[in-house]
Amino acid sequence: MPGLLISVRNAAEAGIALAGGCDVLDVKDPSAGSLGQPALNTLAEILETLKHLQSSIPTSCALGELVDWSPDPVAMFTLNRLSYLKIGPAGLGKFDDWADRFATLQQQFRQAGVNQPRWIAAFYLDFEAAASFDPLAVLTETKLRKQLCDRLGCAGILLDSFDKQGPSAAELILDRRRTQTLRDLLATARELGLMTAFAGRLSFEDVRTLQAARIQPDLFAVRSAVCLENQRQAGIEAARVRQLTELVGCTENTDFATTPVGQACDAD
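Numbering that gives the first Met the number 0 numbers the first residue of the sequence shown as 0 and each following residue consecutively.
Have a look at this one:
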């Protein structure tokens, strides 16, 4: 049964998401793009809030786009307190270029002593809008095993949308009739020990539609769906969090709260 990741932008929202029963707490700045990196002080405040609440919930943070990243030793120190990190592939039109840049980024983090968080490989389903590559066409079993597992040691993959004014990720999949391709990718990733997360302006109806289509990632990742009037830059509402938690079925799923999400890739 899938779990629920909720993206928050401040400590108050973190408390609401936590009380509502989410399985993974994600931090990002929705005003700075699909995977907008939050301000360092905001991230620190959220982590301190979780510490005060004695919460051990897994945490993740968006770092913007890989092509825009520049090392910041101070920020890296705070990022070392997280469970997962993710960064977007916009502007990288070839998978091999993305993999090389991603490996360089990981090396920079290791050199800075940041070894705690695991990496999530993020991809955009509206890849044309992001000037990126088509993840459903590129992410074969070989690519997942040799690149994401063996070379990059990723904990999982995130399928998202880049243009938050465009179709939702669910609409992109269903409109292009790529549901079976997505099912196959999720199954292959799971066999390799990769966590799978599906995001992209998902609504309550999108989640219902995906479940009916037998698309079951490990995590449904949302922000808009739990915000006032479905606006991702508005505030999170407690009632919406509770309703979506019930829809996804998170109240019966304790795996994410008790064990690390996405173990290391299988060795063979």
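Think of the CB as a built atom: it goes at the ideal place given N, C-alpha and C, for glycine as much as any other residue.
Would residue i be called buried (16 or more neighbouring beta carbons within 10 Å of its own) or exposed?
{"i": "K145", "result": "exposed"}
{"i": "G261", "result": "Model confidence at G261 stands at a pLDDT of 40, short of 50, so the residue's coordinates are unreliable and nothing is read from them."}
{"i": "S55", "result": "exposed"}
{"i": "D205", "result": "buried"}
{"i": "D28", "result": "buried"}
{"i": "L52", "result": "exposed"}
{"i": "D25", "result": "buried"}
{"i": "A211", "result": "exposed"}
{"i": "T141", "result": "exposed"}
{"i": "L227", "result": "exposed"}
Indicate the three-state DSSP secondary structure (helix, strand or coil) for residue i in the structure shown.
{"i": "D254", "result": "A caution first: D254 carries a pLDDT of 43, below 50, which makes its placement in the model unreliable, though a value can still be read off. In this structure, D254 counts as helix in the three-state DSSP scheme."}
{"i": "T139", "result": "coil"}
{"i": "K145", "result": "helix"}
{"i": "F191", "result": "The identity of residue 191 in the sequence shown is Leu, whereas the question assumes Phe. Coil at L191, not helix or strand."}
{"i": "E270", "result": "A question about residue 270 goes unanswered here, because the residues of the chain that appear run from 0 up to 267."}
{"i": "E236", "result": "coil"}
{"i": "L225", "result": "Sequence inspection shows Val at residue 225; the Leu mentioned does not correspond to that position. Residue state, collapsed to three classes: helix."}
{"i": "A263", "result": "Because the pLDDT at A263 is just 43, under 50, the model does not fix this residue reliably, and the value given afterwards should be weighed accordingly. Three-state DSSP puts A263 in coil, outside helix and strand."}
{"i": "F94", "result": "helix"}
{"i": "A11", "result": "helix"}
{"i": "L151", "result": "coil"}
{"i": "F219", "result": "strand"}
{"i": "G19", "result": "helix"}
{"i": "L246", "result": "helix"}
{"i": "A196", "result": "strand"}
{"i": "L81", "result": "coil"}
Along the chain, where does the alpha helix (DSSP H) containing residue i start, and where does it finish?
{"i": "R117", "result": "Here R117 belongs to no alpha helix (DSSP H); instead the beta strand (DSSP E) covers R117 to Y123."}
{"i": "K50", "result": "L39 to H51"}
{"i": "E127", "result": "That residue, E127, is in no alpha helix (DSSP H); it is neither H nor E in DSSP."}
{"i": "L171", "result": "A168 to D174"}
{"i": "L78", "result": "P72 to L78"}
Do you know how far the Cα of residue j is from the Cα of residue i?
{"i": "N76", "j": "D174", "result": "Here residue 76 is Phe; the residue named in the question, Asn, does not match the sequence. Approximately 42 angstroms between the Cα atoms of the pair."}
{"i": "L3", "j": "V23", "result": "7 angstroms"}
{"i": "D133", "j": "S223", "result": "24 angstroms"}
{"i": "L84", "j": "R176", "result": "30 angstroms"}
{"i": "N79", "j": "P57", "result": "13 angstroms"}
{"i": "V221", "j": "S6", "result": "6 angstroms"}
{"i": "T195", "j": "C148", "result": "13 angstroms"}
{"i": "S69", "j": "S202", "result": "33 angstroms"}
{"i": "P216", "j": "P1", "result": "6 angstroms"}
{"i": "G155", "j": "L185", "result": "10 angstroms"}
{"i": "V137", "j": "Y123", "result": "12 angstroms"}
{"i": "F126", "j": "L135", "result": "10 angstroms"}
{"i": "R239", "j": "R207", "result": "15 angstroms"}
{"i": "E170", "j": "A102", "result": "32 angstroms"}
{"i": "R241", "j": "E12", "result": "13 angstroms"}
{"i": "C21", "j": "G192", "result": "22 angstroms"}
{"i": "A111", "j": "P72", "result": "7 angstroms"}
{"i": "E44", "j": "A10", "result": "6 angstroms"}
{"i": "D95", "j": "I235", "result": "38 angstroms"}
In terms of residues, what are the limits of the beta strand (DSSP E) holding residue i?
{"i": "V23", "result": "V23 to V26"}
{"i": "D159", "result": "G155 to D159"}
{"i": "A61", "result": "T58 to E64"}
{"i": "G34", "result": "Strictly speaking, residue 34 in this sequence is Leu, with Gly absent from that position. Run containing L34: none; DSSP gives neither H nor E here."}
Could you check whether residue j and residue i sit closer than 8 angstroms to each other, using their CB atoms as the reference points?
{"i": "L104", "j": "G87", "result": "no"}
{"i": "A128", "j": "D162", "result": "yes"}
{"i": "R213", "j": "R189", "result": "no"}
{"i": "A233", "j": "I15", "result": "no"}
{"i": "S82", "j": "P37", "result": "no"}
{"i": "A130", "j": "G92", "result": "yes"}
{"i": "G63", "j": "G35", "result": "yes"}
{"i": "R109", "j": "S160", "result": "no"}
Using a threshold of 7 angstroms, is the CB atom of residue i nearer than that to any non-hydrogen atom of the ligand COA?
{"i": "E140", "result": "No copy of the ligand COA appears in this structure; indeed no ligand is present at all."}
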